[in-house]
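Participant: One line per chain: the protein sequences are D and X, in this order.
With our numbering applied, the first sequence corresponds to residues 15 to 627, in that order.
With our numbering applied, the second sequence corresponds to residues 15 to 627, in that order.
Number of protein chains: 2
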Amino acid sequence: MGVVDDRISGLAELGQQLRVDAVRASARAGSGHPTSSMSAADLMAGLLSGHLHYDFEHPQRPGNDRLVFSKGHASPLLYAMLRAVGAIDEERLMSYRRLGSDLEGHPTPRLPWVDVATGSLGQGLPIGVGMALGARLSGSPARVWVLCGDGEIAEGSMWEAFASASDLGLGNLCAIVDVNRLGQTGPTRFEWDTAAYAARIGCFGWHTVEIDGHDPAEIDRALAAAEAEQGRPTAIIARTRKGKGVAAAEDKEGLHGKPLPEPEKAVVELGGVRSATVRVSPPRPSEPRRRGETMPLALPAFPVGITAATRDGFGKGLEAVGESDPDVLVLDGEVGDSTRTAGFAKAFPNRFVECYIAEQQMIAAAVGLHTQGWIPYAATFAAFLTRAHDFLRMAAISGSDLRIVGSHAGVSIGRDGPSQMGLEDLAMMRALWRSVVLYPCDANQAAHLTATMADLPGISYLRTTRAETPVIYREDELFPVGGSKTLLGSPHDRIAIVAAGITVSESLKAAEQLVQDGVPVRLIDAYSVKPLDAAVVRQAAADTGRVLTVEDHRPVGGLGDAVLDAVAGRVPDVRFAKLAVHGMPGSAGPAEQLAAAGIDAAAIVHAAQRLLA
Amino acid sequence: MGVVDDRISGLAELGQQLRVDAVRASARAGSGHPTSSMSAADLMAGLLSGHLHYDFEHPQRPGNDRLVFSKGHASPLLYAMLRAVGAIDEERLMSYRRLGSDLEGHPTPRLPWVDVATGSLGQGLPIGVGMALGARLSGSPARVWVLCGDGEIAEGSMWEAFASASDLGLGNLCAIVDVNRLGQTGPTRFEWDTAAYAARIGCFGWHTVEIDGHDPAEIDRALAAAEAEQGRPTAIIARTRKGKGVAAAEDKEGLHGKPLPEPEKAVVELGGVRSATVRVSPPRPSEPRRRGETMPLALPAFPVGITAATRDGFGKGLEAVGESDPDVLVLDGEVGDSTRTAGFAKAFPNRFVECYIAEQQMIAAAVGLHTQGWIPYAATFAAFLTRAHDFLRMAAISGSDLRIVGSHAGVSIGRDGPSQMGLEDLAMMRALWRSVVLYPCDANQAAHLTATMADLPGISYLRTTRAETPVIYREDELFPVGGSKTLLGSPHDRIAIVAAGITVSESLKAAEQLVQDGVPVRLIDAYSVKPLDAAVVRQAAADTGRVLTVEDHRPVGGLGDAVLDAVAGRVPDVRFAKLAVHGMPGSAGPAEQLAAAGIDAAAIVHAAQRLLA
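#1: Would you mind stating whether residue 436 of chain X and residue 475 of chain X have Cβ atoms separated by less than 8 Å?
#2: Using 8 Å for Cβ pairs, my map puts residue 498 of chain X next to residue 525 of chain X. What's the rounded Cβ distance?
#3: From this set, D:177, D:393, D:90 and D:381, which residue's C-alpha is nearest residue 359 of chain D's C-alpha?
#4: Does the Cβ-Cβ distance between residue 82 of chain X and residue 160 of chain X come in under 8 Å?
#5: Name, going along the chain, the residues of the region 432-445 of chain X whose beta-carbon falls closer than 7 Å to a beta-carbon of chain D.
#6: Under 8 Å: do the region 171-180 of chain D and the region 214-224 of chain D share three or more Cβ pairs, one atom per stretch?
#7: Spatial neighbours of residue 317 of chain X within its chain, please: CB distance less than 8 Å, with the 5 preceding and 5 following residues excluded, ordered by chain position.
#8: Find out if the Cβ-Cβ distance for the pair residue 77 of chain D, residue 417 of chain D is shorter than 8 Å.
#9: For residue 506 of chain X, is the classification buried or exposed, using 16 other Cβ atoms within 10 angstroms of its Cβ as the cut-off for buried?
#10: Identify the contact partners of residue 583 of chain X in chain D, using a Cβ-Cβ distance below 7 Å as the criterion.
#11: Let me see if you follow: with CB-CB separation under 8 Å, is residue 552 of chain X close to chain D or not?
#12: For residue 624 of chain D, report the span of its alpha helix (DSSP H) as first-last.
#13: Report the partner residues of residue 539 of chain D according to the DSSP bridge assignment.
#14: Figure out for me which residue from D:334, D:205, D:93 and D:597 has the closest Cα to the Cα of residue 413 of chain X.
#15: Looking at the unbroken beta strand (DSSP E) that takes in residue 394 of chain D, where does it start and where does it end?
#16: Please classify residue 490 of chain X as buried or exposed, where buried requires at least 16 other C-beta atoms within 10 Å of its C-beta.
#17: At the level of alpha carbons, what is the spacing between residue 322 of chain X and residue 401 of chain X?
#18: Taking DSSP as the reference, what is the three-state secondary structure of residue 369 of chain D?
#19: Tell me whether residue 617 of chain X is buried or exposed, calling it buried when 16 or more other Cβ atoms sit within 10 Å of its Cβ.
#20: With 8 Å as the threshold, decide whether the Cβ of residue 370 of chain D is near any Cβ in chain X.
#21: Residues of chain D with CB closer than 9 Å to the CB of residue 221 of chain X, please, in chain order.
#22: If you check the beta carbons only, do residue 249 of chain D and residue 206 of chain D fall under 8 Å apart?
#23: Just to make sure I have the definition right: I need the residues of chain C whose C-beta is within less than 7 Å of the C-beta of residue 58 of chain D. Which are they?
#24: Taking 8 Å as the threshold (C-beta atoms), are residue 168 of chain D and residue 487 of chain X in contact?
#25: Report yes if the C-beta distance between residue 132 of chain D and residue 433 of chain X is below 8 Å; otherwise report no.
#26: What residues in the region 400-427 of chain X have a beta carbon less than 9 Å from any beta carbon of chain D?
#27: Between which two residues does the alpha helix (DSSP H) harbouring residue 609 of chain X extend?
#28: Which runs of the beta strand (DSSP E) fall wholly inside the region 276-340 of chain D and span at least 3 residues, in chain order?
#29: Does the CB of residue 623 of chain X have a neighbour CB from chain D at under 8 Å?
#30: With three or more beta-carbon pairs closer than 8 Å as the criterion, would you say the region 147-154 of chain X touches the region 178-191 of chain X?
#31: Going residue by residue through the region 19-94 of chain D, where are the continuous beta strand (DSSP E) segments of at least 3 residues, counting only ones entirely within it?
#32: Going by the beta-carbon positions, is the gap between residue 517 of chain X and residue 613 of chain X smaller than 8 Å?
#33: Under 8 Å, Cβ to Cβ, is there at least one residue of chain D near residue 563 of chain X?
#34: Can you name, in chain order, every residue of its own chain whose Cβ lies under 8 Å from the Cβ of residue 15 of chain X, other than the five neighbours on each side?
#35: Could you check if residue 18 of chain X is buried or exposed, using at least 16 other CB atoms within 10 Å of its CB as the buried criterion?
#36: For residue 159 of chain D, which beta-bridge partners are listed by DSSP?
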């Protein structure tokens, strides 16, 4: 087992080793992307040899550089690199893509050297922006290297990242673009026109370097140039050949995502199996990042009986959380005055990241910041979070701890109309893996839940309302995740109403009417939509035999479905009715909207009467 | 009532009229975006006066230009324009944002002069790309004008549009960028640096013109320059002032989305109410677009008993649909070999649009093409459709007829891992307004449903599977939307299994086992997930008292929830069990994945036994 000593002269040799291992692992697995790995092998050989500063024995060491495979399908190359640095052995390499192996088809943080899951293209670079920002905010000397494909440059999210990174002056970020000319189905838009990439990325304020991606000296110089940059991010635009080194595969269409046809022959053509070990440069000297000193949390208090918007409860709660915990960061999609993150921005301008109207980059930055130890909250209109759905989906795979806030939920926003109404957000957020979905009905509850989110693992979501609603809870009330509040109830209740958010106050009005009419009502505030307080809801169903759900959301995937899922088949003889937004709203006032959608107090009374009939 | 005769000298006057009307309408409504309208008023005055070719009495006239307000919040300006051309009167203008009015907070096609809903920023230009392409494909001389905000330029989708439009050589497209310096919460990234916009957009291959957006002569010249372009799209980058013309509002922060503080005074400052009528140029001479001549549909036939992937059924079905109907277009996100649109691409290259890896642009182009009379199908991996969720949400508001196909659904894709698995797509697509969700289990069914979609209004979604499944239906079987197939059943069934897609074949195996064990089983293939065949499912629940659902999808928002919604509370004494994907898959073979997720035949047998116990 040799050691690659002379950096430049050994690079070509190391590149071949990486190719051989990518070919072998994919052949063994019977699937994978060897050709996409082979194009970038020399680039990664160069990075490993003198430019990446990383302690593979301690992947969490704070001074470590970060490496993101934005082209996640080139995972065989990543795993070949791990073998070359001695992090994994031959046997583990050969477990690629097998049941139970952490060497997955696309990298995930099941591997300790992988910070974020990739494989949905166009995500690694936007996340890298967050990482680079997080490193800078932490005072870390770490650099962030992102291996990008040429095909993914077509994703708009990449341009959000290019724009953000230069705007933020992220000199510690380097995108290495593997221009291998071929996408999955055919040639990319620009094929080998590296000048086209360089011109566009350069126009976006990046330092760009065009190189031959198979020339070790050019690669080394470009990486050194990136390291020398302070104020601007660097893009290395590398002309490469897909399947490089194997004549039967090199620059050939139809071989994307497939093992090489004759892998043994290919290995021979590449010079055979090698087992050189690379000595990677140690992390640049740095202090371990210090967790900021926390202070006692002093949440705002809204007097019971006034009206206040839950978005204001969130905004004030967020300021309190920011005061209490200096590691909390807030990201905005240029709607901070509406979501009410503006107060935090004013109080803590250094911990507020304006992402402008680029929701994908906002979520990606949060994912990246989380990997650097920060506690990010990201807020925009609930409706516009759909823009970042794929980033949220991937963040769940990454196991990111994110706090997402969607304001202006539901028809109750009023006159702005359906484009601004979050009506599908509960379905989207509930379907995410291990997500928590919270939906406060008053400002004190909103503030409490905002603080609760700081400590939650995984993706948590707070749904807030534009309109003011009555404050019904004292400021010292507690709202555990998975809990609920029974606002009305007796052993004689004849119907249970389950509401959340804006429909709680409507349900209170409706219940008053029903009680006046002699119908005892159980009213449950299901502020924890996921996990739902299933025990309380089931008990209510068992006690009353009639369950009515009311939500300012589409009838699919929201509160009503959560209740059905908890109760149906588990409690005998229960009748259900689900009130939700079935039509397409237009412009109208909030009360008119609630009435038109059939989710206001009058509609609730009517539905209850039908259910009781 | 005067008539604006002298074009240039009247432009400033018309601009003031548009401002006055925007101010008045917003004041009357008590909400709206007058300041964002005032900045663009001179630009739109110029467009109306000699450059827009449009017959407002016949908005569907094929030669009509198209005008899209990508900055949809400037709707008061649009409505002021409609009054200026005589399309609406004073009373209708004053209905802005009121209940029942079609002058909504953000424009929607409830108004006959509006083709697509806007209001989620960054969507109008990508849709304009589809419109311009559709016009060109139709041989129409129409031009597409898109009024863009400066804030929305931060959206990645805009850069997908810039890249696509130049790549497609859309000389008939013009973006008019209203650079008013102020976003919602504060200054935009580039404020008045129009050169920064021009440099970036120019690098993306557009003809760019920087102008003073309040100088009528400059506006007129720029619009004429756009009209003179043939091969390149044009971007007019116009420096403007938000709230222009009213000192209390002009270039002031804190006034976004609010009526002017003293509207009567503002109207006086703007010179008072006017009622000039603009004579708009008639549409450029053109033949009405001819609906292509359709041929009888000849669907492929897969022999019963073989195995074939539903994605292949879709691909072959799509070719047949393309053969039958020359108005069918197909859009690809650079995965045509995987989704199986590659066959259509080969057969009908002129009706195949390669959108590269830009899913937002793909869906937006489909929306735009639909407005031009085309029948678009758009396909990518189900997982990556989440990238375009906001575009799908807005397409529902637009009332677009779109056929969306998501391949590689579920864990059964195998070794590529969770990033490539569509596990939340049913929840996303079912929650969309008036959507239809179809999920075939065999190739013949897939082909039939593909053809059915061509005639469906609204957004229809076909979910396909990578793996091969047994062909169980003859090619002449019919599969109506809202229907189902009962594959096994007798009056004595003790349990009903409801499956769709890949879980149908697993359920068939499980049912065989259960029947062998003496348990008669009803098995329903719910290929129409939305609308579900509620009658059949309810009858099965009533007959058996036990319903087991099985889906290759997250437990939220999919088939199981659809069944619960149909049955719970409507049929007494039913026990339910829902099998779905609860964990986070890794890499493994398809059968291993189905087993690990607990949705294979063995898991179904086990769950049925528990339900029967």
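Glycine is no exception: its CB is placed at the ideal position from the N, C-alpha and C atoms.
Facilitator: Working from what's here:
#1: Translated into positions along the second sequence, residue 436 of chain X becomes position 422. Translated into positions along the second sequence, residue 475 of chain X becomes position 461. For the 8 Å CB-CB criterion, residue 436 of chain X and residue 475 of chain X do not form a contact.
#2: In the second sequence, the residue the question calls residue 498 of chain X occupies position 484. In the second sequence, the residue the question calls residue 525 of chain X occupies position 511. Contact doesn't hold; Cβ gap of about 15 Å is too wide.
#3: Within the first sequence, the letter at position 345 stands for residue 359 of chain D. Closest by alpha carbon: D:393.
#4: The count along the second sequence starts at 1 and reaches residue 82 of chain X at position 68. The count along the second sequence starts at 1 and reaches residue 160 of chain X at position 146. Yes. Within cutoff.
#5: Taken in chain order, the members of the region 432-445 of chain X whose beta-carbon sits within less than 7 Å of a beta-carbon on chain D are 432, 433, 434, 438, 441, 442, 444 and 445.
#6: Contact between the region 171-180 of chain D and the region 214-224 of chain D is present, because at least three Cβ pairs lie under 8 Å.
#7: Along the second sequence, one-based indexing puts residue 317 of chain X at 303. For residue 317 of chain X, the CB contacts under 8 Å within the same chain, skipping 5 residues up- and downstream, are 485 in chain order.
#8: Locating residue 77 of chain D in the first sequence gives position 63, where the first residue counts as 1. Locating residue 417 of chain D in the first sequence gives position 403, where the first residue counts as 1. The beta carbons of residue 77 of chain D and residue 417 of chain D sit no closer together than 8 Å.
#9: Counting from 1 along the second sequence, the entry for residue 506 of chain X is found at position 492. Looking at its Cβ environment, which holds fewer than 16 other Cβ atoms inside 10 Å, residue 506 of chain X is exposed.
#10: Numbered from 1 along the second sequence, position 569 holds the residue referred to as residue 583 of chain X. Here the neighbours are 588, 589 and 590.
#11: Residue 552 of chain X sits at position 538 when you count from the first residue of the second sequence. No, because no Cβ of chain D sits closer than 8 Å to the Cβ of residue 552 of chain X.
#12: On the first sequence, position 610 is the one that residue 624 of chain D refers to. Note, residue 624 of chain D: alpha helix (DSSP H), 615-626.
#13: As a first step, residue 539 of chain D is located in the first sequence; it is residue number 525 there, counting from the start. Beta-bridge pairing links residue 539 of chain D to D:499 and D:513.
#14: Counting from one through the second sequence, the residue named residue 413 of chain X turns up at place 399. The residue with the shortest Cα to Cα distance from residue 413 of chain X is D:597.
#15: If you number the first sequence from 1, residue 394 of chain D lands on position 380. Element bounds for residue 394 of chain D: 389-395.
#16: For the purposes of this step, residue 490 of chain X is taken as residue 476 along the second sequence, with counting starting at 1. Exposed, by the Cβ-count rule.
#17: Locating residue 322 of chain X in the second sequence gives position 308, counting from the first residue. Locating residue 401 of chain X in the second sequence gives position 387, counting from the first residue. Looking at the two C-alpha atoms, the distance is approximately 28 Å.
#18: Here the question's residue 369 of chain D lines up with position 355 in the first sequence. Coil at residue 369 of chain D, not helix or strand.
#19: Residue 617 of chain X sits at position 603 when you count from the first residue of the second sequence. So residue 617 of chain X counts as buried.
#20: Mapped onto the first sequence, residue 370 of chain D falls at position 356. Nearest CB-CB separation between residue 370 of chain D and chain X: below the 8 Å threshold.
#21: By 1-based counting over the second sequence, the position of residue 221 of chain X is 207. Per Cβ cutoff of 9 Å: no residues; residue 221 of chain X is ~16 Å from chain D at best.
#22: To locate residue 249 of chain D, count along the first sequence from 1; it is residue 235. To locate residue 206 of chain D, count along the first sequence from 1; it is residue 192. Their beta carbons are not under 8 Å apart, which means residue 249 of chain D does not touch residue 206 of chain D by this criterion.
#23: Structure shown: chain C not included; protein chains present are D and X.
#24: Here residue 487 of chain X refers to the residue found at position 473 when the second sequence is read from its first residue. Here residue 168 of chain D refers to the residue found at position 154 when the first sequence is read from its first residue. Taking 8 Å as the Cβ cut-off, residue 487 of chain X and residue 168 of chain D do not qualify as a contacting pair.
#25: What you label residue 132 of chain D is simply residue 118 of the first sequence in a count that begins at 1. What you label residue 433 of chain X is simply residue 419 of the second sequence in a count that begins at 1. In contact: residue 132 of chain D and residue 433 of chain X (Cβ atoms closer than 8 Å).
#26: 400, 401, 402, 403, 404, 405, 406, 407, 408, 410, 411 and 413
#27: As a working mapping, residue 609 of chain X is identified with position 595 in the second sequence. It spans 604-611 - the alpha helix (DSSP H) in which residue 609 of chain X sits, taken as one unbroken run.
#28: 321-323
#29: If you number the second sequence from 1, residue 623 of chain X lands on position 609. Nearest CB-CB separation between residue 623 of chain X and chain D: not below the 8 Å threshold.
#30: The region 147-154 of chain X, when compared against the region 178-191 of chain X, does touch it at the 8 Å Cβ threshold.
#31: 80-83
#32: The sequence position of residue 517 of chain X within the second sequence is 503, counting from 1. The sequence position of residue 613 of chain X within the second sequence is 599, counting from 1. Yes.
#33: As a working mapping, residue 563 of chain X is identified with position 549 in the second sequence. Chain D contact via Cβ: absent.
#34: Residue numbering aside, residue 15 of chain X sits at position 1 when the second sequence is read from its first letter. For residue 15 of chain X, the pLDDT reaches just 36, beneath the cut-off of 50, and the residue's location in the model is therefore unreliable, leaving the point undetermined.
#35: Here residue 18 of chain X refers to the residue found at position 4 of the second sequence. Low confidence applies to residue 18 of chain X: its pLDDT is 42, below 50, so where it sits in the model is not reliable enough to give any reading.
#36: On the first sequence, residue 159 of chain D is found 145 positions in, with the first residue counted as 1. Note: residue 159 of chain D sits in a beta bridge opposite D:81 and D:188.
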